[in-house]
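This report refers to the structure that appears directly beneath it.
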Amino acid sequence: MKAIRVALAGTGNCAWSFSQFVAQAQADPEASLPGLMCRTVGGYRLADVRVVAAFDVDADKVGRPLAAAFEAPTISATRFSDLGADRDAPVLAAPLLDGLAGPLGEVITPAGEARDATSESVAKALVEHDVDVLVITLPTGAAQAVRMFAEAALTAGAAVVNCTPEVVARDAGLSARFADAGVPLLGDDLRSHVGATTLHTALIELLLGRGLELDSTYQLNVGGNTDFLNLADATRSATKFTSKANALRAAGMTDVSGVAGPTGFIGHLADTKLCFANVRATSVLGSEVQIDVKLTVEDSPNAAGVIANAVRAAKTAADRNLSGAVHGPAPMLFKSPPNGLPESQARAAFLDFAS
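Take 3 as the starting number for the sequence shown in my numbering and just add one per residue.
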C-alpha cells in the first residue's frame, strides 16, 4: 500500500506515544502489537503510516526534528522505543492563538516564530509535505487554534482527525464545506482504547441490556500530565464535560443524575490517569445494583492505539471518496461524533468499515 503521510498538530504526550507506536510497527511490519485492534484498516497497516511534519508553538520544539521535540520537559509519557523513519520530520511553527491560554502558559514558552505563523503558512506546509491526514491533538479549550488547523487542512485538501473535544465534525456548516471540497473529517474528542469513557459506557450498556433502570452515575478522573494541568482550569475543561456527557447519552443514559469529567491535577502521577466510576441502577423487585470501578492506565499510550485506527480510517475514507463528517468508524473512535452509538454497535460499525 502507499504510505499514509501524516502531520501532527501538537507534539505533546499523545503525539509522542502515537509516534512510538508507529515506529514499533515500522521496525517489524508483521509483528503482532498489543492494543492494535485491527491489523489492517482499509488495507493499510500501521507500518504504512509516516509522520512527515508537525506543528507546535513551544520554543523547546519549534525548529527541531520530531525526535528532539519529544525530549521537551513537558513530555511525561513513557519512552517505550525510539523513533525510526520519522525521527527527522520537522516541527514547524503554528499560530499561537489560544493554545497556551490558562495554566499551560505558565509552563510553556511560546516560540518567536509562532507570532508570525498563519493559517496560510500551515496550509502551505501541508501541501509542501504532501500530507494525507492532519491529526489535531491540541489542548482542550483551544477552540481558535483547533478551528484554524481544520480550516488550513480544508484549504490543503488534507483529511482531519480531531482528537480534541472542540466542535469540528459536529459543526454542520464546517462539515458541509469539507463535503463540498471532497475532504474527510473525523471527530470529535478521541475515545481512549480502554479509557474512562469506554469503560463507563460499557457498564451502562451492560445494565440497560439486562433491563435495569439507571438511577445515577459519575466518572471522576485525575492525572498528572499537561492535559490534566490544562483541564484543571474550568474555562478550559467545559467542552470535555460536554463531550463525555454526549458519550453517555449515546450509550443510552437519559434523564439520569450524572457527571463525568476531569476533577483534578496531581503532578506526581505524570502520565498516569486514575478513573473512579460509579453506576447505580434498579433491578428486579426494586432491588439496587451498584457498581464501583477504579481504572488505572497510562493516559497517552491509551490514546495512541485509537489514533492508529483513526488515521487509517481517514485515509480509507479518502480512498473511498467519502467526505465531510465520516460516520461509519467515528462512534468507536470518538466520544462526541455527530451520531453516537452504544459501544457494541460502534465496534461493529468500525469493523465493517475497516474490512
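Cβ atoms here follow ideal geometry from the backbone N, Cα and C, with glycine treated the same way.
Keep in mind that this is a model prediction, so the values were computed, not measured.
Sub-8 Å separation of residue i and residue j beta-carbons
i, j, result
"A252", "N223", "no"
"D191", "S239", "no"
"V43", "R314", "yes"
"T166", "L188", "no"
"A69", "R52", "no"
"D327", "P340", "It is worth fixing the name first, because residue 327 is Ala in this sequence and not Asp. Yes."
"P331", "F355", "yes"
"T157", "A125", "yes"
"C16", "S302", "yes"
"A145", "D100", "yes"
"N248", "G342", "yes"
"S83", "Q26", "yes"
"S346", "E215", "no"
"S19", "A305", "yes"
"G159", "A181", "no"
"G104", "D257", "no"
Beta-carbon contacts of residue i that lie in its chain and below 8 Å, excluding the five residues immediately before and after
i, result
"Q292", "N280, V281, R282, A283"
"T142", "T166, P167, E168, D229, N232, L233, R238, S239, T241, K242"
"P112", "V59, D60, A61, L98, L102"
"L106", "P141, T228, L231, N232"
"A178", "G326"
"R7", "R52, V54, H131, D132, V133, D134, V135"
Beta-bridge pairing of residue i - partner residues as DSSP gives them
i, result
"F336", "L192"
"C277", "N223, L297"
"F57", "A11, L94"
"G326", "P186"
"N1", "Residue coverage of the chain in this structure runs from 3 to 357, which leaves residue 1 outside it and unanswerable."
"A51", "Here residue 51 turns out to be Val, not Ala, going by the sequence shown. For V51, which the question treats as bridged, DSSP gives the partners I6."
"F151", "Partner(s): none; F151 has no beta bridge."
"P331", "None, per the DSSP bridge assignment."
"F267", "G225"
"S218", "S259, R282"
"P112", "D60"
"P67", "P92"
"Q26", "None, per the DSSP bridge assignment."
"V43", "Y46"
"V291", "A283"
Cβ separation of residue i and residue j, assumed to be a contact under 8 Å, to the nearest whole Å
i, j, result
"A272", "N232", "A272 to N232, Cβ: 15 Å. No contact."
"A310", "F23", "6 Å"
"K317", "V135", "6 Å"
"G307", "G37", "4 Å"
"A162", "I138", "Reading the sequence as shown, one finds Val at residue 162 and not Ala. Confirmed, Cβ separation roughly 7 Å."
"S285", "S259", "Contact flag wrong, Cβ pair sits at about 18 Å."
"T13", "E300", "The pair is not a contact, with the Cβ atoms about 18 Å apart (cut-off 8 Å)."
"A29", "G86", "6 Å"
"L335", "R193", "6 Å"
"L297", "C277", "4 Å"
Same chain only: Cβ atoms within 7 Å of residue i, ignoring 5 sequence neighbours per side
i, result
"P31", "R47, A49"
"A55", "A9, A91, P92, L94, A127, H131, V133"
"M39", "G307, N311"
"E290", "R282, T284"
"R349", "M334"
"H195", "G37, N304, G307, V308"
"L176", "A152, V170"
Own chain residues within Cβ distance below 6 Å of residue i, not counting five before or after
i, result
"V295", "A279"
"Q221", "A198, H202, A262, A279"
"M3", "G45, Y46, D50"
"L324", "P186"
"L209", "A283"
"F151", "A11, I138"
"G266", "V224"
"V170", "A152, N164, G189, D190"
"G269", "G226"
"A320", "A161, P186"
Within-8 Å CB hit, residue i to chain D
i, result
"S259", "Chain labels in this structure do not include chain D; a single protein chain is all it has."
Distance cut-off 7 Å: residue i Cβ against heavy atoms of the ligand SAH
i, result
"H202", "For the ligand SAH, the structure offers nothing, since it holds no ligand at all."
If contact is defined by three or more beta carbon pairs under 8 Å, each pair taking one atom from either stretch, is the stretch 116 to 129 in contact with the stretch 89 to 105? yes
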